[in-house]
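Novice: For the sequence shown, numbering that gives the first Met the number 0 gives the first residue as 0, with consecutive numbering after it.
For every residue, glycine included, the Cβ atom is placed at its ideal position computed from N, Cα and C.
Handing you a structure now.
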Amino acid sequence: MKIFFIASAFALVGSCSSTRYTTKIQNLKDDIHIVDSALVTKYAESITPKDLKEHLLMISDDKLLGRATGEIGQKIAAEYLKNYYQEQNIGSPLSDNNYFQSIPKSFLPKSNESSENVLAYIKGSEIPSEVLIISAHYDHLGVKDGEINNGADDNGSGTSSIMEIAQAFKMAVNQGHSPKRSILFLHVTAEEIGKLGSEYYTTHPVFPLKNTIADLNIDMIGRVDKAHENNKDYLYLIGSDRLSTELHYLSEKVNTTFYNINLDYRYNAENDSNHYYNRSDHYNFAENNIPIIFYFNGEHADYHKPTDTSDKIDFELLAKRSKLIFATAWQLANLDHRIKVDNGIIN
Ligand SMILES: [Zn+2]
Numbered sequence: 000m001k002i003f004f005i006a007s008a009f010a011l012v013g014s015c016s017s018t019r020y021t022t023k024i025q026n027l028k029d030d031i032h033i034v035d036s037a038l039v040t041k042y043a044e045s046i047t048p049k050d051l052k053e054h055l056l057m058i059s060d061d062k063l064l065g066r067a068t069g070e071i072g073q074k075i076a077a078e079y080l081k082n083y084y085q086e087q088n089i090g091s092p093l094s095d096n097n098y099f100q101s102i103p104k105s106f107l108p109k110s111n112e113s114s115e116n117v118l119a120y121i122k123g124s125e126i127p128s129e130v131l132i133i134s135a136h137y138d139h140l141g142v143k144d145g146e147i148n149n150g151a152d153d154n155g156s157g158t159s160s161i162m163e164i165a166q167a168f169k170m171a172v173n174q175g176h177s178p179k180r181s182i183l184f185l186h187v188t189a190e191e192i193g194k195l196g197s198e199y200y201t202t203h204p205v206f207p208l209k210n211t212i213a214d215l216n217i218d219m220i221g222r223v224d225k226a227h228e229n230n231k232d233y234l235y236l237i238g239s240d241r242l243s244t245e246l247h248y249l250s251e252k253v254n255t256t257f258y259n260i261n262l263d264y265r266y267n268a269e270n271d272s273n274h275y276y277n278r279s280d281h282y283n284f285a286e287n288n289i290p291i292i293f294y295f296n297g298e299h300a301d302y303h304k305p306t307d308t309s310d311k312i313d314f315e316l317l318a319k320r321s322k323l324i325f326a327t328a329w330q331l332a333n334l335d336h337r338i339k340v341d342n343g344i345i346n
């Protein structure tokens, strides 16, 4: 009887607090207002399958020999990125014409030579000290057993996506629509050997981490996995609710407002055995309490194999997914307040 009484008292408390929780989530959702929707749609149109293909073919070309960290192909990719940003008149936060954050050999495993992250940025017009990062690694596995690992999806897709997103923001700037906050386009190296490029950035940040509002990390978004062969208009999102409940619902609202992609959260479960939340560059930002979203198409038969080639990329899908990330970045950079960190526990 006593046990029953205690149990029902708990049940009452439980339902009461869950009602409050539901109300709070609803209030949070109601407070999210999409800004500049016409501008977002307009500039997102500049992200095209044709442009993405041009960049991706270059990044995953045989002559780059799989872009192993510290080797010639990775250096060629870095130069390609630098030349692109210079042509687009998108500056570097380091100094004029220096787009490379050099990572000394001593920071890397013994077998790797020194390497570089490639950084480009657009300065915010109202709150330039606050920075949104859009990141993707551009290194890959190199040549193994005489075969080139082209890494077209991993991560030619993320690399070309950032290039197009940066161009879309730059077009907006040129027409008088600068983002309120600054945006750093961060192409990191050495992901495949332990997320070391992003670790180097977070231990040697160019902008203070306390002013870094979020990291949107892109690693493999140009393919379709087995689970979605019959429904390819999808994308896995991982981590969006871990540090900021607001980020999660903002990301959801951007998607329903503009693109209606089937966002799949199965790999976001805390107990997911793949541990993708820990497995790409965003994790180094999350470890520093910076909210992140990891965009990912899932593994496929060519994952980390020489057969991850550009002919298997779906460029229409890559464009649509890139537009979603652009639209999410636009909101984060232009919100009237900095996205709130609540460690996923809404108070
Ligand atoms: Zn990758």
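Where in the region 181 to 214 do unbroken runs of the alpha helix (DSSP H), each at least 4 residues long, occur, reported from the N-terminal end onward?
Specialist: Correct list: 195 to 202.
Novice: Closer than 7 Å to a non-hydrogen atom of ligand 1 - does that hold for the CB of ASN216?
Specialist: In the sequence shown, counting from the first residue as 1, residue 216 sits at position 217. Checking every heavy atom of ligand 1 against the Cβ of ASN216, none is found closer than 7 Å.
Novice: Pull up the distance between the alpha-carbon of ALA285 and that of ASP30, whole angstroms please.
Specialist: Along the sequence shown, one-based indexing puts residue 285 at 286. Along the sequence shown, one-based indexing puts residue 30 at 31. Cα to Cα, the separation comes out at about 25 Å.
Novice: Using alpha carbons as the reference points, say which of HIS303, ASN342, ASP307 lies closest to SER243.
Specialist: Position 244 of the sequence shown, counted from the first residue, corresponds to residue 243. Comparing Cα positions, the closest option is ASN342.
Novice: Does the region 116 to 124 come close enough to the region 268 to 275 that 3 or more CB-CB pairs lie under 8 Å?
Specialist: Contact between the region 268 to 275 and the region 116 to 124 is absent, because fewer than three Cβ pairs lie under 8 Å.
Novice: Look up ILE338 in the DSSP assignment and say whether it is helix, strand or coil.
Specialist: Position 339 of the sequence shown holds residue 338. In this structure, ILE338 counts as coil in the three-state DSSP scheme.
Novice: Look up ASN259 in the DSSP assignment and say whether it is helix, strand or coil.
Specialist: Taking the first residue of the sequence shown as 1, we reach residue 259 at position 260. It is coil, neither helix nor strand.
Novice: Just to confirm the assignment: which complete alpha helix (DSSP H) runs, minimum length 4, are found wholly within the region 254 to 334?
Specialist: DSSP runs (the alpha helix (DSSP H)) wholly in the region 254 to 334: 281 to 285, 314 to 333.
Novice: When DSSP labels each residue in this structure, what does LYS1 get in the three-state scheme?
Specialist: As a first step, residue 1 must be located in the sequence shown, where it is residue number 2. Confidence at LYS1 is low in this model, with a pLDDT of 44, below 50, so its placement is unreliable and the value that follows should be read with caution. Helix.
Novice: In whole angstroms, what is the alpha-carbon distance linking THR40 and ASN230?
Specialist: Start at 1 with the first residue of the sequence shown, and residue 40 comes out as number 41. Start at 1 with the first residue of the sequence shown, and residue 230 comes out as number 231. Between THR40 and ASN230, the C-alpha separation is close to 24 Å.
Novice: I need the straight-line Cα distance from LYS399 to THR327, nearest angstrom please.
Specialist: The requested residue 399 is not part of the displayed model; the chain covers only 0 to 346.
Novice: Only counting the same chain, and skipping five residues up and downstream in sequence, which positions put a Cβ closer than 6 Å to that of PHE184?
Specialist: On the sequence shown, residue 184 is found 185 positions in, with the first residue counted as 1. So the qualifying residues of the chain are ALA119, ILE133, ILE161, ALA165.
Novice: Could you check the C-alpha separation between ASN333 and LYS179 for me, to the nearest Å?
Specialist: The count along the sequence shown starts at 1 and reaches residue 333 at position 334. The count along the sequence shown starts at 1 and reaches residue 179 at position 180. Roughly 5 Å separates the two Cα atoms.
Novice: How would you call HIS54, buried or exposed, if buried means at least 16 neighbouring beta carbons within 10 angstroms?
Specialist: Stepping through the sequence shown from its first residue, residue 54 is reached at position 55. Buried: at least 16 other Cβ atoms inside 10 Å.
Novice: Can you tell me the Cα-Cα spacing of PHE293 and GLY175, whole angstroms?
Specialist: Position 294 of the sequence shown, counting from 1, holds the residue named residue 293. Position 176 of the sequence shown, counting from 1, holds the residue named residue 175. Rounded to whole angstroms, PHE293 to GLY175 spans 30 Å at the Cα level.
Novice: Return yes when the C-beta of HIS136 is under 7 Å from any heavy atom of ligand 1, and no when it is not.
Specialist: Numbered from its first residue, the sequence shown carries residue 136 at position 137. HIS136: yes, Cβ under 7 Å from ligand 1.
Novice: In angstroms, rounded to a whole number, what distance separates the CA positions of SER36 and ALA318?
Specialist: Your numbering for residue 36 matches position 37 in the sequence shown. Your numbering for residue 318 matches position 319 in the sequence shown. Near 18 Å, if we compare the C-alpha coordinates of ALA318 and SER36.
Novice: Would you say SER36 touches ligand 1, meaning its beta carbon is less than 7 Å from a heavy atom?
Specialist: Translated into the one-based positions of the sequence shown, residue 36 becomes position 37. SER36: no, Cβ never under 7 Å from ligand 1.
Novice: As an exercise, report each continuous beta strand (DSSP E) stretch of at least 3 residues that is fully enclosed by the region 55 to 127, in chain order.
Specialist: Correct list: 99 to 102, 114 to 121.
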